[in-house]
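Participant:
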Amino acid sequence: MSLPYRHILVTGGAGFIGSQLVRMLLALPVARVTNVDKLTYAGNPANLADIADDPRYHFAHLDIADPRLRALLRDNRPDAIINVAAETHVDRAIADPLVFARTDVLGTHNLLECAREIGVRRFVQVSTDEVYGSIAAGAATEDSPLRPGNPYSASKAGGDLLCLSYAHTYGLPVSICRGANTYGPRQYPEKFIPLAITNLLTGQPVPLYGDGRQRRDWLYVTDHCTGILTVLEKGAAGDVYNIAAGQERENRDVLGRLLALLEAPEDAVRRVTDRPGHDRRYAMDASKLRALGWSPAMGIEAGLAETVAWYRRHPAWWHSIRRGDAFTAYYAHQYPMLPPLR
Ligand code: NAD
Ligand code: TDX
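In structure tokens:
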């Protein structure tokens, strides 16, 4: 792939998907990649340790909602922007929703306004399948209505609508990609798959919400990133693209697979009270992106095995998160029915 951009600015590049995206961009012949990240609890410089010394890589420690973003963009003049930064965890959005609106709506708006002022050639908004809400049957297309069901997805939908309004009103060349549930190395261990893996590796029970029959369509992180890069390269201004691999599984089956990979007993699963407003099923039709030449490379079985192997090989990465006061406090608050983290 050869991108027609000289300088690409990525936001949220210290997180799970953003760090993989920065790594993949630097593997391409681009002149410069700037990462703007606030380094929230989810932002981790260790995610970028392998590329931090690349002379084409630059880091700016800044909130995308901060008015100083304007000067940063004026001074650096990227020709493309990929907005990955967001508050991302649904359970945290239910407990404390305001910061989601601040980053995912107002931060996106601030970034759009700065992009309009400097006149970027492409703005890619990284969004989510959750904006379509729960899909009882079939799969959402890019034209399906937005029916977000929780404060996270509502905030992401707000960001998406601002993006579309900037394309329509100002002609800003914005494309939106809506990725499915993503998993793989370096995912913060609050999310279902890395929480399950790290709990099982430390001999602790795994919380399964409700009946465990909710369905998610799992996408490996590198496949999500090739989808974003395809939209950056070939997406049309003002258009939306779903990124999904068509690997739908019930949560209890994903957990069953992880138990098998980690040789953990069935009684490691602990049924807990369901998430309020829990979306039952996400499903998207990705044929529009496939028509641009994208296809996923990783199957769910191999992807789960790779992910387990990565967490096995990198205990220092997740121990340093899980042993921190912020994570233990979050866990105790979120899972009062489980034994405290060890
Ligand atoms: P993450 O929580 O691992 O990382 C988010 C990153 O954004 C962190 O580095 C954090 O420090 C940074 N950030 C947060 N608020 C910021 C702010 N105000 N200013 C600057 N930086 C800020 O998230 P992720 O799972 O990698 O998700 C990345 C994007 O992909 C998000 O936009 C999310 O909505 C979207 N998405 C995620 C998934 C998934 O399953 N993880 C699926 C579909 C879409
Ligand atoms: O401990 C758990 N037990 C459990 O049963 C956790 C953390 C989750 N779950 C369930 C809830 C969901 O049905 O597993 C499923 C996946 O949960 P999460 O990992 O929290 O993901 P989800 O709520 O589906 O949202 C994710 O996909 C879309 C990401 O967190 C979002 O950022 C993304 O936009």
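Its first residue numbered 0, the sequence shown is counted upward by one per residue in numbering that gives the first Met the number 0.
Think of the CB as a built atom: it goes at the ideal place given N, C-alpha and C, for glycine as much as any other residue.
1. Around the Cβ of Met283, are there at least 16 other Cβ atoms within 10 angstroms (buried) or fewer (exposed)?
2. Quick check: does the Cβ of Val32 come within less than 7 Å of any heavy atom belonging to ligand 1?
3. Which residues mark the beginning and the end of the alpha helix (DSSP H) in which Gln124 is found?
4. Tell me the rounded alpha-carbon separation between Val307 and Glu232.
5. Are Ile242 and Cys176 touching if we call contact CB-CB under 8 Å?
6. Taking a contact to mean a Cβ-Cβ separation below 8 Å, would you say Val21 touches Val35 in this structure?
7. Tell me, which residues are paired with Leu207 by DSSP?
8. On the three-pair Cβ rule with 8 Å, is the segment 134-151 touching the segment 44-53?
9. For the alpha helix (DSSP H) that Gly226 lies in, which residues bound it at each end?
10. Flag Phe191 as yes when its Cβ comes closer than 7 Å to any non-hydrogen atom of ligand 2, and as no otherwise.
11. Exposed or buried, His223, counting other C-beta atoms within 10 Å across all chains shown (16 or more means buried)?
12. Can you say whether Thr201 is buried or exposed, counting buried as having 16 or more other CB atoms within 10 angstroms of its CB?
13. What separation, rounded to the nearest whole angstrom, lies between the Cα atoms of Ala114 and Tyr169?
14. Is Asp90 close to ligand 2? I mean its beta-carbon at under 7 Å from any heavy atom of the ligand.
15. Which same chain residues end up closer than 8 Å to Ala30 when comparing Cβ atoms and leaving out the 5 residues on each side of it in sequence?
16. Is DSSP giving Gly178 helix, strand or coil here?
17. Counting Cβ pairs, one atom from each stretch, are 3 or more of them under 8 Å apart for the segment 124-138 and the segment 276-291?
18. Does the beta-carbon of Gly71, which I'm using as the reference point, lie nearer than 7 Å to any heavy atom of ligand 1?
19. Please report the straight-line C-alpha distance between Arg269 and Gly118, rounded to a whole angstrom.
20. Quick one: grab the DSSP three-state call for His6.
21. What does DSSP give as the partner residues of Asp252 in its beta bridges?
22. When the Cα atoms are used, what is the spatial distance from Gly178 to His318?
23. Using the rule of at least 16 other Cβ atoms within 10 Å of the residue's Cβ for burial, across every protein chain shown, is Met297 buried or exposed?
24. Please state whether DSSP places His108 in a helix, a strand or coil.
25. I think Ala64 touches Arg101, with their Cβ atoms under 8 Å apart; what is that distance to the nearest whole Å?
26. Using only alpha-carbon positions, find the residue among Leu337, Ile196, Phe122 and Gly158 that is nearest to Leu254.
27. With a threshold of 8 Å between beta carbons, is Ile16 in contact with chain C?
28. Going by the DSSP bridge assignment, what does Asn34 pair with across the sheet?
29. If you follow the beta strand (DSSP E) that Val239 is part of, which residue opens it and which one closes it?
30. Taking just the CA atoms, how far does Ser174 sit from Ala153?
Facilitator: Inspection of the coordinates gives the following:
1. buried
2. no
3. Premise fails: Gln124 lies in the beta strand (DSSP E), Arg121 to Thr127, not in any alpha helix (DSSP H).
4. 32 Å
5. yes
6. no
7. Arg270
8. no
9. Val220 to Lys233
10. yes
11. buried
12. exposed
13. 11 Å
14. yes
15. Arg5, His6 and Arg55
16. strand
17. yes
18. The sequence given here places Leu at residue 71; Gly does not occur at that position. False, no ligand heavy atom lies under 7 Å from that Cβ.
19. 52 Å
20. strand
21. Asp252 is not bridged to any residue.
22. 28 Å
23. buried
24. helix
25. 6 Å
26. Ile196
27. Structure shown: chain C not included; a single protein chain is present.
28. Val9 and Phe58
29. Val239 to Ile242
30. 19 Å
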